[in-house]
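Take a look at the structure below.
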Amino acid sequence: MAKTKSPKTFILDTNVILHDPTCINQFQENNIVIPLAVIEEIDHFKRGSQVININAREFARTLDSITGSTLFNGGISLGKGKGKVRIVITKGLSAEIRQVFREDNPDHRILSAAYDLQLEGNSKEKIILVTKDVNLRMKAKALGILAEDYTTDRVGSIDELYSGKEIVESFDDELLQKFYQSPFEVSAKSIFKKIKTEVVANKYFILKNSNRSVLAKYNQEEEIFRKVDKQPTYGILPRNAEQTFAVDALINPGIPLVSLTGKAGTGKTLLALAGALAVRKYYRQIYIARPIIPLSNKDIGYLPGDVESKLAPYMQPLWDNLKVIQDQYKETDKNHQAITTMIKEEKLVVEPLSYIRGRSLQRIYFIVDEAQNLTPHEIKTIITRAGEGAKIVLTGDIYQIDHPYLDTLSNGLSYLIDHFKGQKLYAHVNLEKGERSELAELASNLL
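For what it's worth, this note's numbering labels the leading residue of the sequence shown as -9, then goes sequentially.
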């Protein structure tokens, strides 16, 4: 008779809950322990309009709905096939923990709870602390406590992350010629015979040989590869193949979800803004937003001045990009004036992401810049709120993350790319070629 596997006990840190307020549903048949110190921290985070405040309130409601009038004493079942959740009260730091860590703070109370549970439990029971805080994991391991990151929403490998594009060398010349003849498309069946690479909906290709090359996109519904032409977009002309692909996705009404990744200077934010302006007549408003991740992750309340002056440094890069586009035209030009009018009439809104939360996203062209600083749960919240006729564009650099508990594998942008790859309503382009000054590009690569 096969031995039944003993359920593990996972102790959750506050940052896991703030990262994913649905986390207690992700541990299968295993049990969950939440130290009272965590509940106290969650209570502290409930007030405010930032994403972590909203997540704190959501978790509190979830926990309340699970428990009802039941007491936590013996743990409360999370449902069929799942374990139990309970809250443990720690009476300050245990003597052993106090010998190592003199300071009484929430992190050390959580460690103390894990340490005490390990002493109380049987030798076969696995007690594991789950935290996104690297230092806390190291402290736990130093005390002999198993500790791990919350990996439910992590991408498997960054090297295998979908780039949205591919170069195919030594491509059949006869087929390439067909792309330059009306209707500027080739049947997918013909192409599939010539290439051995993975082909998914809205993937872009550079098909080339020694004589010529063509930019093309795979249309899954029509089962064709269609030629993609370089075209100016509200005064901005794509400078390379990647930017040409990006523009194609940005102005295509049949693709309501687009993501652009790349280091600074690849043009992702500029192209997203230009694309939105180029197709503005199809949308009620253009929203441009970015999450606010202050220096050292202190709340902006620490900064001097009123709310507007506190937020200005975070939003200025968006205004700078908008100015670049506007300056492509003379002040007397209707396209220059149109941007000024749109801002004045609030047809074009530049605001922190938390300010836009709760607004209707019907027929909105919604650009979220610096999306690598969002959690998978936050990305999901944004996309699931998209109304009829909306288009959502997420831009960011997955190697430049300011959020203390996210990395290249766990941020929401990487998670989105990994999960939406191949969907007909989605297109992604990773921009690799920088288009800034030679000095700026050299610094970006060397420093």
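Every residue, glycine too, gets a C-beta built ideally from N, C-alpha and C.
Since the model is a prediction, treat every value here as computed from it, not as a measurement.
Check	Outcome
Based on DSSP bridge pairs, tell me the residues matched to Tyr355.	Ile276 and Lys381
Report the three-state DSSP secondary structure of Ala440 (helix, strand or coil).	Within the shown structure, residues of the chain are numbered from -9 to 437, placing residue 440 beyond reach of any answer.
Are the stretch 376 to 386 and the stretch 264 to 282 in contact at 8 Å, needing three or more beta carbon pairs?	yes
Pick from Thr331, Ile283, Thr374 and Leu312: whose alpha carbon is nearest that of Glu360?	Ile283
If we define contact as Cβ-Cβ less than 8 Å, is Ser200 a contact residue for chain C?	Going by chain labels, chain C is absent from the structure shown, which holds only one protein chain.
Nearest-angstrom Cα distance between Phe161 and Ser400?	37 Å
Does DSSP put Ile22 in a helix, in a strand, or in coil?	strand
Scan the stretch 81 to 114 and note each continuous beta strand (DSSP E) run of 3 residues or more that stays entirely inside, going in chain order.	none
Measuring CA to CA, which of Ser344, Ile354, Arg347 and Tyr345 is closest to Lys337?	Ile354
Using the three-state DSSP reduction, which class does Phe0 fall into: helix, strand or coil?	strand
Identify every run of the beta strand (DSSP E) within the stretch 187 to 238, keeping only runs that are complete inside it and at least 3 residues long; order them along the chain.	194 to 198, 203 to 209 and 214 to 217
For Gly386, which beta-bridge partners are listed by DSSP?	Thr251
Within the stretch 114 to 189, note down every full alpha helix (DSSP H) run reaching 4 residues or more, in order along the chain.	124 to 132, 163 to 168 and 178 to 182
Quick check on Asp219: buried or exposed, where buried means 16 or more other Cβ atoms within 10 Å of its Cβ?	exposed
Between the stretch 99 to 119 and the stretch 48 to 63, do at least 3 Cβ pairs fall closer than 8 Å?	no
So if DSSP puts Ser67 in a beta bridge, which residue, or which two residues, is it bridged to?	Lys74
Please state the DSSP three-state secondary structure of His9.	helix
Work out the CA separation of Asp392 and Ile290 for me, nearest whole Å.	With a pLDDT of 49 at Ile290, under the threshold of 50, the modelled position of that residue is not reliable, and the figure given next carries that caveat. Using only the alpha carbons, I get a separation of about 15 Å.
Within a Cβ cutoff of 8 Å, which residues of the same chain sit near Ser350, ignoring the five residues on either side of it in sequence?	Gly377
Do the CB positions of Phe235 and Lys155 come within less than 8 Å of each other?	yes
In chain order, what residues of the same chain lie with their CB nearer than 6 Å to the CB of Ile1, ignoring the 5 residues before and after it?	Val23, Ala104 and Leu119
Does the ligand NAP have even one heavy atom less than 7 Å from the beta-carbon of Tyr304?	Among the components modelled here there is no ligand, and therefore nothing to report on the ligand NAP.
When you compare the CB positions of Ile148 and Thr365, do they come within less than 8 Å of one another, or not?	no
Taking the beta carbon of Thr121 as the centre, do at least 16 other beta carbons fall within 10 Å, making it buried, or is it exposed?	buried
I need the DSSP call for Leu429, collapsed to helix, strand or coil.	helix
Residues in the same chain with beta-carbon distance under 6 Å from Ala506, minus the five sequence neighbours each way, listed in chain order, please.	A query on residue 506 cannot be resolved here, the shown segment of the chain reaching from -9 to 437 and no further.
Pick from Gly71, His9, Thr385 and Glu335: whose alpha carbon is nearest that of Ala254?	Thr385
Please classify Val6: is it buried, with 16 or more other beta-carbons within 10 angstroms of its beta-carbon, or exposed?	buried
Are the stretch 418 to 431 and the stretch 255 to 267 touching by the rule of at least three beta carbon pairs closer than 8 Å?	yes
Three Cβ pairs or more, each shorter than 8 Å: is that satisfied between the stretch 424 to 434 and the stretch 161 to 171?	no
What first and last residue would you give for the alpha helix (DSSP H) that runs through Glu48?	Val41 to Thr57
For a test of the three-state rule: what should DSSP assign to Val314, helix, strand or coil?	helix
According to DSSP, simplified to helix, strand and coil, what is Pro455?	The requested residue 455 does not occur in the structure, where the chain is confined to residues -9 to 437.
Of the residues Asp3, Lys(-2) and Glu425, which one's Cα is nearest the Cα of Pro228?	Glu425
Out of Ile388, Gln233 and Val158, state which residue places its alpha-carbon closest to the alpha-carbon of Ser200.	Val158
Could you name the residues of the same chain whose beta carbon sits closer than 8 Å to that of Thr52, not counting the 5 residues immediately before and after it, in chain order?	Pro11, Thr12 and Ile14
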